[in-house]
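Engineer: Letter by letter, the sequence shown follows residues 1 to 130 in UniProt numbering.
Encoded as structure tokens, here's the structure I'll be asking about.
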Amino acid sequence: MTVDATQPYDDTNIFARLLRGEIPSSRVYEDDYAVVFRDIAPWAPTHLLAVPRGAYVSWDDFSERASDAEIAGFTRAIGHVAREAGLVAGGYRLIANIGRDAHAEVPHLHVHILAGRALGPMLVENDSQR
Numbered sequence: 001m002t003v004d005a006t007q008p009y010d011d012t013n014i015f016a017r018l019l020r021g022e023i024p025s026s027r028v029y030e031d032d033y034a035v036v037f038r039d040i041a042p043w044a045p046t047h048l049l050a051v052p053r054g055a056y057v058s059w060d061d062f063s064e065r066a067s068d069a070e071i072a073g074f075t076r077a078i079g080h081v082a083r084e085a086g087l088v089a090g091g092y093r094l095i096a097n098i099g100r101d102a103h104a105e106v107p108h109l110h111v112h113i114l115a116g117r118a119l120g121p122m123l124v125e126n127d128s129q130r
């Protein structure tokens, strides 16, 4: 099921429950602004999910409503985790899916951090969409 990023925040979503400790996770980092944990169905040798602690549906919602401290703290958390995991030298990809066309599945902003192998092109080109 894809998410309509224009809808209000749903505090029963899986990441809200994870942040409250209702669902276990393999946390690799946490601070006042973010929690980063291992994805349970990884798409790359390193697949982490960074989730802001605040109740934000999408990047648009976050960039409009979050405080400067929240935005800086979340961004810095992602950079810190990438450096600590040794991802900078080989490279890594950040993905934030927002809305139906991007196939967003959870109505809480999160950023995928992928690394550990060549990740290929950003999008698979589809001749039928030209």
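No residue lacks a Cβ here, since even glycine has one placed at the ideal position from N, Cα and C.
Taking contact to mean at least 3 C-beta pairs separated by less than 8 Å, is the segment 108 to 116 in contact with the segment 42 to 56?
Structural biologist: yes
Engineer: Residue 143 to E105, Cα distance in whole Å?
Structural biologist: Nothing about residue 143 can be read from this structure; the chain reaches only from 1 to 130.
Engineer: Counting C-beta neighbours from all protein chains within 10 Å, is the total for S58 16 or more, i.e. buried, or is it exposed?
Structural biologist: Taking the sequence shown and counting its residues from 1, one reaches residue 58 at position 58. Answer is buried; the Cβ neighbour count reaches 16.
Engineer: If F37 sits next to L109, beta carbons under 8 Å apart, how far is it from one beta carbon to the other, in whole angstroms?
Structural biologist: Sequence index remark: in the sequence shown, residue 37 carries index 37 (1-based). Sequence index remark: in the sequence shown, residue 109 carries index 109 (1-based). Not quite, the Cβ-Cβ distance comes to about 15 Å (not below 8 Å), so this is no contact.
Engineer: What span of residues does the alpha helix (DSSP H) with V81 cover, start to end?
Structural biologist: By one-based count along the sequence shown, residue 81 stands at place 81. Element bounds for V81: 68 to 84.
Engineer: Give the range of the beta strand (DSSP E) segment to which I113 is assigned.
Structural biologist: Position 113 of the sequence shown, counted from the start, is the residue given in the question as residue 113. Boundaries of the beta strand (DSSP E) around I113: 111 to 115.
Engineer: Would you mind stating whether I95 and H80 have Cβ atoms separated by less than 8 Å?
Structural biologist: By one-based count along the sequence shown, residue 95 stands at place 95. By one-based count along the sequence shown, residue 80 stands at place 80. The answer is no: Cβ separation not under 8 Å.
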